[in-house]
Amino acid sequence: MKKYVGKRIFSVIVTLFVLSLFIFFLTHSTAGDPASNMLGSDATEEQVEQLREELGLNDPLLTQYFNWIADALKGDFGDSYFRKQSVIEAIGECITPTLELALYAEILAIIISIPCGIFAAKKKGAATDLGVSAFALVGLSVPCFIYGLLLILYFGVDLGVLPVSGYKTIEEYGTSEHFSYMVLPIISLALTQAPLLTRITRSSMVEVLSLDYIKTAKAKGLKGTTILTKHAFRNAFNTILTVLGQSIGSLVAGAAVIETLFNIPGMGQLVVNAVLKRDYPLIQGLVLVISLVYIVINFTIDMLYGVIDPRIRVSGKS
Amino acid sequence: MTEKNKELLRVENLKTTFKTVRGTVTSIDGVSFSVGKGEILGVVGESGCGKSVTSQSIMRLYDEKKLVTYEGEIFFNGENLLEYSEKQMRTIRGNKIAMIFQDALSSLNPVFTLGEQISEALMLHQGMKKKEAMVKAEEMLRLTGIPAPEKRVKCYPHELSGGMRQRAMIAMALCCQPELLIADEPTTALDVTIQAQILELIVKLNNTLDMGIMLITHDLGVVAQICQRVIIMYLGQVVEEGKIDDIFDNPKHPYTMGLIKSIPTLNTNRKEPLYMIKGTVPALGQEGGGCRFCDRCNYATDKCKNTPPEIMDIGANRKVRCHNYSEITKL
Ligand SMILES: Nc1ncnc2c1ncn2[C@@H]1O[C@H](COP(=O)(O)OP(=O)(O)OP(=O)(O)O)[C@@H](O)[C@H]1O
Ligand SMILES: [Mg+2]
Numbered sequence: 018m019k020k021y022v023g024k025r026i027f028s029v030i031v032t033l034f035v036l037s038l039f040i041f042f043l044t045h046s047t048a049g050d051p052a053s054n055m056l057g058s059d060a061t062e063e064q065v066e067q068l069r070e071e072l073g074l075n076d077p078l079l080t081q082y083f084n085w086i087a088d089a090l091k092g093d094f095g096d097s098y099f100r101k102q103s104v105i106e107a108i109g110e111c112i113t114p115t116l117e118l119a120l121y122a123e124i125l126a127i128i129i130s131i132p133c134g135i136f137a138a139k140k141k142g143a144a145t146d147l148g149v150s151a152f153a154l155v156g157l158s159v160p161c162f163i164y165g166l167l168l169i170l171y172f173g174v175d176l177g178v179l180p181v182s183g184y185k186t187i188e189e190y191g192t193s194e195h196f197s198y199m200v201l202p203i204i205s206l207a208l209t210q211a212p213l214l215t216r217i218t219r220s221s222m223v224e225v226l227s228l229d230y231i232k233t234a235k236a237k238g239l240k241g242t243t244i245l246t247k248h249a250f251r252n253a254f255n256t257i258l259t260v261l262g263q264s265i266g267s268l269v270a271g272a273a274v275i276e277t278l279f280n281i282p283g284m285g286q287l288v289v290n291a292v293l294k295r296d297y298p299l300i301q302g303l304v305l306v307i308s309l310v311y312i313v314i315n316f317t318i319d320m321l322y323g324v325i326d327p328r329i330r331v332s333g334k335s
Numbered sequence: 002m003t004e005k006n007k008e009l010l011r012v013e014n015l016k017t018t019f020k021t022v023r024g025t026v027t028s029i030d031g032v033s034f035s036v037g038k039g040e041i042l043g044v045v046g047e048s049g050c051g052k053s054v055t056s057q058s059i060m061r062l063y064d065e066k067k068l069v070t071y072e073g074e075i076f077f078n079g080e081n082l083l084e085y086s087e088k089q090m091r092t093i094r095g096n097k098i099a100m101i102f103q104d105a106l107s108s109l110n111p112v113f114t115l116g117e118q119i120s121e122a123l124m125l126h127q128g129m130k131k132k133e134a135m136v137k138a139e140e141m142l143r144l145t146g147i148p149a150p151e152k153r154v155k156c157y158p159h160e161l162s163g164g165m166r167q168r169a170m171i172a173m174a175l176c177c178q179p180e181l182l183i184a185d186e187p188t189t190a191l192d193v194t195i196q197a198q199i200l201e202l203i204v205k206l207n208n209t210l211d212m213g214i215m216l217i218t219h220d221l222g223v224v225a226q227i228c229q230r231v232i233i234m235y236l237g238q239v240v241e242e243g244k245i246d247d248i249f250d251n252p253k254h255p256y257t258m259g260l261i262k263s264i265p266t267l268n269t270n271r272k273e274p275l276y277m278i279k280g281t282v283p284a285l286g287q288e289g290g291g292c293r294f295c296d297r298c299n300y301a302t303d304k305c306k307n308t309p310p311e312i313m314d315i316g317a318n319r320k321v322r323c324h325n326y327s328e329i330t331k332l
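Chains as they are written, first to last, in the working numbering: chain E, 18 to 335; chain D, 2 to 332.
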């Protein structure tokens with residue numbers, strides 16, 4: 018197990034290094050100049066040139082990269098060009114609403130889709146299964162802002178029972194206020210995540226249920242539900258977990274869209290503004306942090322595999 | 002001896018029909034046989050003749066809502082299992098009737114340890130607590146002759162050799178002391194030495210625990226070694242039944258004769274090709290109107306082509322399903 022963890026950590030470090038290179042050169046290869054953006058249209062050529070010099074934008078790209086990475090390793094991602102704060106501060110401010118939204122939505126999606134998927138697999142071929150599968154297929158093809166818009170129209174405009182814009186922290190406004198603002202964004206995002214998870218749960222359960230050891234479990238005298246939730250689900254869970262990890266990307270992307278729709282001051286808005294203004298340090302910091310979150314989650318999932326599937330533990334050992 | 006002859010399981014006219022996308026398939030059609038208390042009954046037949054379907058029908062393992070319908074009767078200790086509710090069946094499965102399967106690796110759940118898998122039945126049927134059940138699981142593994150059982154209880158299936166896995170399957174099946182053990186080709190996936198060891202173990206357990214065993218195999222040699230009685234199946238039907246010595250010394254059905262002739266022995270002349278029954282098993286549903294074996298039979302007559310033979314009791318605990326058995330045996 019130790020060796021398995023070691024291997025995974027090593028691959029995380031390599032990934033991060035490659036990623037940092039990629040982010041840096043991608044950001045700097047985009048057209049547009051942050052210095053002229055900062056100074057506005059009536060700045061003179063000399064002023065712009067002077068600012069470029071100050072920001073280090075005239076150094077060779079490789080030098081800029083090493084300066085950035087050296088600072089980053091010390092935990093310093095520089096200052097945002099436009100916001101009067103450091104990159105770390107800016108991200109710290111915006112990351113909480115996003116993480117909350119993503120987390121709540123993913124939990125809701127899991128709560129909906131895993132029981133639905135298991136149930137559909139159990140009733141394979143019956144009307145309930147066809148119903149669940151059809152819903153999942155339709156759900157999969159609807160983009161998340163459609164759910165958001167419909168929910169806003171119905172609950173916000175027609176019924177007027179829920180707020181449709183803004184964000185309230187738990188600390189300042191309390192739990193109920195916090196969630197009354199969050200509930201529509203959460204549902205919109207969860208509805209986009211749930212269909213895929215439902216389909217995966219169903220298909221991996223169907224596959225596992227046809228295997229020999231399920232027959233063994235039945236021959237032991239176990240109840241149908243025990244076979245389903247214990248023997249089958251424990252085995253199907255690996256596949257579900259993989260898809261869960263892979264869907265983090267679409268979760269974050271979805272969160273950014275939903276934030277814009279519901280006017281939540283999260284990472285989504287921060288990213289859009291940073292890119293529009295060519296705020297290099299902020300873009301780099303943001304992409305790195307988002308990737309880091311992605312990597313950490315997938316790393317955790319990889320570790321979970323080892324816990325769930327004894328066969329993986331062994332292959333790490335050898 | 003009187004105890005031994007008492008009937009444990011009696012299957013009467015069992016017919017198992019599957020619903021498939023291409024219509025219904027009757028995999029076994031009117032199978033009857035019995036197993037006595039403490040007896041080892043061999044069930045022999047070529048691949049696809051319905052041995053596994055018979056055994057799994059006895060435990061009613063198929064999905065009855067969607068897949069299968071059973072007809073006939075399955076008496077276990079005098080009670081018809083086909084009249085049992087699913088809940089009642091659960092008190093039989095793994096408790097009174099247990100089963101071991103051909104491929105132990107795929108039949109064991111990869112994510113649970115042997116201990117966890119064996120103790121499950123104990124907790125379910127004997128109301129044991131986890132700890133107690135684990136101790137008993139280790140004891141069962143020891144009984145099957147697995148080396149270092151105290152370590153093996155904590156092992157996962159993939160960490161064991163094929164022979165050990167099959168022993169673990171046996172431990173799992175026997176932990177609640179079932180009255181009937183159905184072993185569906187328990188040694189087919191193993192090499193000859195391990196095969197012999199497992200068979201020896203089964204015989205030993207049969208003696209000490211006094212349970213009835215239904216040993217399914219396509220290897221007549223195995224049957225000759227350990228069974229008292231045997232039924233020969235062909236295409237979903239029993240074609241011959243009798244005591245082991247009678248069947249080997251004096252087979253009545255041409256199919257049985259063919260099977261016995263095709264067992265290679267050390268005396269077989271290596272230059273001669275091995276005997277094979279001509280043709281192959283026809284697909285289910287294409288049996289035609291007459292005897293199911295007639296296309297492959299050297300002795301088939303017009304009657305065989307048109308009238309399906311009934312199974313006949315010919316005395317001395319023997320049964321045969323052939324129109325011409327008395328003429329054939331004289332030849
Ligand atoms: N679930 C099922 N649905 C439809 N047909 C089935 C099903 N299970 C078995 N059959 C059919 O029943 C017949 C008998 O199969 P069975 O598995 O009992 O053979 P077998 O004698 O055990 O063969 P083997 O020696 O290969 O194990 C086969 O023709 C098979 O196609
Ligand atoms: Mg079989």
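Where a beta carbon is used, it is the ideal one built from N, C-alpha and C, also for glycine.
Residues of the stretch 109 to 128 of chain D that bring their beta carbon within less than 7 Å of a beta carbon in chain E comprise L109, N110, P111, V112, E121, A122, L125, H126, in sequence order. Counting along the chain, the unbroken alpha helix (DSSP H) around F83 of chain E starts and ends at 78 to 90.
Remark: C-beta atoms of G237 of chain D and G43 of chain D do not approach each other more closely than 7 Å.
For R11 of chain D, the enclosing beta strand (DSSP E) stretches over residues 8 to 21.
K237 of chain E and I275 of chain E have their C-alpha atoms some 49 Å from each other. Assignment of beta-bridge partners to Y235 of chain D by DSSP yields D:Q238.
Membership of L83 of chain D in any alpha helix (DSSP H) is not indicated, and neither H nor E is assigned to it by DSSP.
Annotation: the stretch 156 to 236 of chain D contains the following complete segments of the alpha helix (DSSP H) (minimum length 4 residues), in chain order: 163 to 175, 193 to 210, 221 to 227. Contact with chain D is found for N252 of chain E, since one of that chain's Cβ atoms lies less than 7 Å from the residue's Cβ. When distances are taken from the beta-carbon of S53 of chain D to the heavy atoms of ligand 2, the shortest one is below 6 Å. At the C-beta level, L210 of chain D and A172 of chain D stay beyond 7 Å of one another. Of D:R61, D:L10, D:D220, the smallest CA-CA separation from R91 of chain D is found for D:R61. Counting C-beta atoms within 10 angstroms of its own C-beta, A249 of chain E has 16 or more neighbours from the protein chains shown and is therefore classed as buried. Pairing I86 of chain E with S37 of chain E gives a Cβ-Cβ distance under 7 Å.
Among the CB atoms of chain D, one or more fall inside 7 Å of the CB of H248 of chain E. Contact annotation for Y230 of chain E against chain D: S107, S108, L109, N110, P111 [CB-CB distance below 8 Å, chain order]. The three-state reading of DSSP puts M141 of chain D in helix, counting H, G and I together. For R328 of chain E, the nearest beta carbon of chain D is closer than 7 Å to its own beta carbon. For N14 of chain D, the nearest beta carbon of chain E is not closer than 7 Å to its own beta carbon. Distance from the CA atom of G39 of chain D to the CA atom of Q178 of chain D, rounded to whole angstroms, is 12 Å. Around the beta carbon of M284 of chain E, 16 or more other beta carbons sit within 10 angstroms, so the residue counts as buried. Between the alpha carbons of L299 of chain E and G177 of chain E lies a distance of about 38 Å. N96 of chain D has a beta carbon lying within less than 7 Å of a beta carbon in chain E. Residue contact with chain E for M100 of chain D: present (Cβ-Cβ distance below 7 Å to some residue of chain E). Straight across, the Cα-Cα distance linking L287 of chain E with V304 of chain E is about 11 Å.
Below 8 Å, enough C-beta pairs join the stretch 311 to 321 of chain D and the stretch 239 to 257 of chain D to call them touching: three or more. Here the alpha carbons of I204 of chain E and V69 of chain D stand approximately 42 Å from one another.
According to the DSSP assignment, G134 of chain E belongs to the alpha helix (DSSP H) that extends over 104 to 139. If you look at M320 of chain E, you'll find it isn't in any beta strand (DSSP E); it sits in the alpha helix (DSSP H) that goes 297 to 325. When the Cα atoms are used, T242 of chain E and L202 of chain D turn out to be separated by approximately 34 Å.
Counting only Cβ-Cβ distances below 9 Å, D104 of chain D has contacts in chain E at D229, in chain order. For L123 of chain D, the closest alpha carbon among the candidates D:C176, D:V112, D:T330, D:E151 is that of D:C176. Residue burial annotation: L147 of chain E is exposed, with fewer than 16 other C-beta atoms found within 10 angstroms of its C-beta. In the structure shown, K19 of chain E falls within a helical segment according to DSSP collapsed to helix, strand and coil. Taken through DSSP and simplified to helix, strand or coil, Y71 of chain D comes out as strand.
Taken residue by residue, none of the stretch 293 to 321 of chain E has a beta-carbon sitting less than 9 Å from a beta-carbon on chain D.
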